[in-house]
Amino acid sequence: MAVCARLCGVGQSRRCRRRQRQNQQDQASDSDMDEEEEERIVGQRQSDVGGGPESGGAGSAGPGDAGEYGCGHVHTGGSVDRTGTGPPHPQSLSDLPPELLVEIFSLLPGTALPNAALVCKKFRQILNTETIWKRRCMEEFGMKEDLRKMEVGGVSSRDLYVKRVNPRVKSGRFMKLLPDYEHMDYKDVYTHLLHPYRHILGIWQPDIGPYGGLLNVVVDGLFIIGWMYLPPHDPRVEDPMRRRPLFRIHMWESQKATVECMYGHKGPHKGDIQTVKKDEFSTKCNQTDHHRMPGGRQEEFRTWLEEEWGRTLEEIFHEHMQELILMKFIYTSQYDNCLTYRRIYLPPAMPSALLQPGLFKGTYGSHGLEIVMLSFHEASARATKLTGDPNVPAGQLTLDVDLSRPVVLPDLEQQRNIEELSRLVLGVHEEVQRELEQQAKGTSAAVRDTTEGACGGASGADGVKADHGACSESCQPGPSSSSNPPEAQPFVLPLGVMARNEVYPRTCRKCFYGTGLIAGHGFTSPERTPGLFVLFDEDRFGFIWLELKSFSLYSRLTDHLAHAHAPNMERFEAMLRNMQSWTS
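Sequential numbering from 0 applies to the sequence shown in numbering that gives the first Met the number 0.
As structure tokens, then:
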């Protein structure tokens, strides 16, 4: 009632209360107001406003308009210009022309519009205008201007639907299988689809044991689709990512959102989505028979292998790789009916970062290609696995690079010698270990003697800074470093170092000391082993694993990921800690 008093310009009189009760009774019938009638009303008001001098300033809302819309106060004097030299001044919000109210309501968040519609009949009718809800859908959820166009990455939702059902389906059958788009409006889409499921938009990591994954939930026309991102086929690390739909949410004529599972080869079928807790949700398939194939598990395995690796089992000669592939198929098949997802964020950009943080595809030997997240934390760069393997699972810190310790490469002839490269990197590694031991001794001394320990610790820290201060300044480029990249220097892999991709850059910008995480099967006996981080350009870097005598090449994932940026660095670092706890 207080809202009505403020907006309508009247007090809590009996007449206002009676009008409000009448409006609530008429709400059901008024909500279905014909769209052409709305346009006629708005057009009439616009013509009144734009009538020019001959109209005598009839563009402002008058008593007849207030009575027509069932809200507002009939003004008989007061602020009306009695001299006849100008239009009357509006006494309340409801006295404004409908076209101006449409513009005002378009600026409000969609969650506030239902409350505004309860104020009066006029507001309720105006809030049925498509322009208002269209703007809310576009600004809040990035929906395209025409909701009938549902293109995403060159694949439309209609084409997707047809391909998943039957590639030979004809257009007549196609139209019967899809919602009645012509009778959809933006208000229904916002109210029944976008707003209820807004909390699942963004990027997520599925809980599939050590393998993890990357799910991107996006608005695609009248659909919300969950795309599982898959790396390119090994070893083509610079190829674009592959995508597979796992579920979709859309509207039918009943104005109710429907959840469908997209897994399997028989087309969309019934599914369900449940919010487990904040930043976590789960999907469930209600018709798992759609996941099965006529040829049984053997046909399912051959199809999965073709999609996952782009080859047949006979084409994979390495026996250990065959075992890893079969193990992954058996493990991941257990999750085809129910999956839990946890929200993840893209790393925030840092002004002094060596390159833009983000997601990269990397080669991991027999495990194939995996997805990592590169982020920067003061004087270090860290790569965290989003997809993993039985040795080092998803969520673990695969690379930890010390940006305060650059490594100057020798000439090409010496770069080919693995012994020379190992000498350089291991020399830095031993220096790091000595400093860690000194810090540990300084901490112990501080416990024994607080005063002396504090002084000794300060001098020790000063000594470390004296040794590496100039190095630290040179290896942490400022904001101008991106505009003036360092001069490229020749680079070649040492002889005996295995690389999954023989085509790698032959020049690099900088190299740094770092460590990589290795472990036995089942993440047993994990340890960090020294290696060399090689920055090639803005979109590629590599890492030489000295102990394994292998090389990993990483290439940036260039797909646009909406609703994925971390609110701040604190939230991002908390997410990284949680990711490690999920798999540890």
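Beta carbons are placed, not taken as given, at the ideal position from N, Cα and C, and that holds for glycine.
- Message: If contacts are defined as beta-carbon pairs under 8 Å, then THR506 and PRO489 qualify, I think. What distance do you get, rounded to the angstrom?
- Response: The sequence position of residue 506 within the sequence shown is 507, counting from 1. The sequence position of residue 489 within the sequence shown is 490, counting from 1. A Cβ-Cβ separation of about 6 Å places THR506 in contact with PRO489 under the 8 Å criterion.
- Task: Report buried or exposed for GLU369, applying the criterion of at least 16 other Cβ atoms within 10 angstroms of its Cβ.
- Result: Indexing the sequence shown from 1 puts residue 369 at position 370. Buried, because 16 or more other Cβ atoms sit within 10 Å of the Cβ of GLU369.
- Ordered along the chain, which non-local residues of its own chain (more than five positions away) have a Cβ less than 6 Å from that of TRP413? Within the sequence shown, the letter at position 414 stands for residue 413. Reading off the sequence, residue 413 comes out as Gln, not Trp. Cβ contact annotation for GLN413 (same chain, cutoff 6 Å, sequence separation greater than five): GLU419, in chain order.
- Item | Cut-off 7 Å between Cβ atoms - residues of its own chain near GLU537, not counting five sequence neighbours on either side | Position 538 of the sequence shown, counted from the start, is the residue given in the question as residue 537. Non-local beta-carbon contacts of GLU537 in its own chain, meaning distances under 7 Å to residues more than five positions away in sequence, involve LEU354, GLN355 in chain order.
- Can the beta-carbon of PHE492 be found less than 9 Å from the beta-carbon of PHE550? Residue mapping note: residue 492 aligns to position 493 of the sequence shown, counting from 1. Residue mapping note: residue 550 aligns to position 551 of the sequence shown, counting from 1. Position check: residue 492 holds Leu in this sequence, whereas Phe was assumed. It is a contact, given that the beta carbons lie within the stated cut-off.
- Query: ASN215 lies in the beta strand (DSSP E); which residues open and close that run?
  - Reply: Locating residue 215 in the sequence shown gives position 216, counting from the first residue. Residues 213-219.
- Task: For LYS509, count neighbouring Cβ atoms within 10 angstroms of its own Cβ and tell me buried if that reaches 16, exposed if not.
- Result: Locating residue 509 in the sequence shown gives position 510, where the first residue counts as 1. Buried.
- Excluding the 5 residues preceding and the 5 following TYR189 in the sequence, name in chain order all residues of the same chain whose CB lies nearer than 6 Å to its CB. As a first step, residue 189 must be located in the sequence shown, where it is residue number 190. These residues qualify, in order along the chain: GLY109, TRP132, ARG135, CYS136.
- Between which two residues does the alpha helix (DSSP H) carrying PRO113 extend? For the purposes of this step, residue 113 is identified with residue 114 of the sequence shown, where counting begins at 1. That run of the alpha helix (DSSP H) goes 112-116.
- Would you kindly work out how many angstroms separate the C-alpha atoms of TYR262 and ASN114, rounded to a whole number? Counting from 1 along the sequence shown, the entry for residue 262 is found at position 263. Counting from 1 along the sequence shown, the entry for residue 114 is found at position 115. It is roughly 40 Å from the alpha-carbon of TYR262 to the alpha-carbon of ASN114.
- Which residues does DSSP pair with MET497 in a beta bridge? As a first step, residue 497 must be located in the sequence shown, where it is residue number 498. The partner list for MET497 (beta bridge, DSSP) reads SER549.
- Query: Is there contact between the segment 561-581 and the segment 340-349, where contact requires at least three CB pairs shorter than 8 Å?
  - Reply: Yes: at least three Cβ pairs fall under 8 Å.
- Task: Count the C-beta pairs between the segment 211-221 and the segment 376-387 that are closer than 8 Å, then say yes if the count reaches three, no if not.
- Result: A contact exists between the segment 211-221 and the segment 376-387.
- When you compare only the Cα positions, how much space is there between HIS268 and GLN204? Within the sequence shown, numbered from 1, the residue matching residue 268 stands at position 269. Within the sequence shown, numbered from 1, the residue matching residue 204 stands at position 205. Each residue's CA atom was taken as its position, placing HIS268 and GLN204 some 23 Å apart.
- Query: Per DSSP, what kind of secondary structure is GLN488 in: helix, strand or coil?
  - Reply: Numbered from 1 along the sequence shown, position 489 holds the residue referred to as residue 488. Three-state DSSP puts GLN488 in a strand.
- Within 10 angstroms of the Cβ of ALA256, are there 16 or more other Cβ atoms? Answer buried if so, exposed if not. Taking the sequence shown and counting its residues from 1, one reaches residue 256 at position 257. Label assigned to ALA256: buried.
- Query: Just reading off the beta strand (DSSP E) that GLU585 is part of, what are its end residues?
  - Reply: Since the first residue of the chain shown is 0 and the last is 583, residue 585 is not available in this structure.
- Query: Going by C-alpha distance, which of THR339, ALA378, LEU338, LYS327 is nearest ALA352?
  - Reply: The residue labelled residue 352 in the question sits at position 353 within the sequence shown. Closest by C-alpha distance to ALA352, out of THR339, ALA378, LEU338, LYS327, is ALA378.
- Message: Please classify GLU306 as buried or exposed, where buried requires at least 16 other C-beta atoms within 10 Å of its C-beta.
- Response: As a position in the sequence shown, residue 306 is number 307, starting the count at 1. Exposed: under 16 other Cβ atoms inside 10 Å.
- Cross-strand partners of HIS520 (DSSP beta bridge): Reading the sequence shown from its first residue, position 521 is the one you call residue 520. BP columns for HIS520 are empty, so no partner.
- Item | Contacting residues, own chain, Cβ-Cβ under 7 Å from PRO409 (five flanking each side not counted) | Locating residue 409 in the sequence shown gives position 410, where the first residue counts as 1. So the list reads GLU419, once near-sequence residues are dropped.
- Do the segment 511-527 and the segment 393-408 meet, that is, are 3 or more Cβ pairs less than 8 Å apart? Proximity of the segment 511-527 to the segment 393-408 meets the contact definition, three or more beta-carbon pairs being nearer than 8 Å.
- Query: Where does HIS442 fall in DSSP's three states?
  - Reply: Numbered from 1 along the sequence shown, position 443 holds the residue referred to as residue 442. The sequence given here places Thr at residue 442; His does not occur at that position. Residue state, collapsed to three classes: helix.
- Message: On a Cα-Cα basis, can you pick out the residue from HIS559, HIS88, PRO209 that is closest to GLY357?
- Response: Within the sequence shown, numbered from 1, the residue matching residue 357 stands at position 358. Of all alpha-carbon atoms in HIS559, HIS88, PRO209, the one lying nearest the alpha-carbon of GLY357 is that of HIS559.
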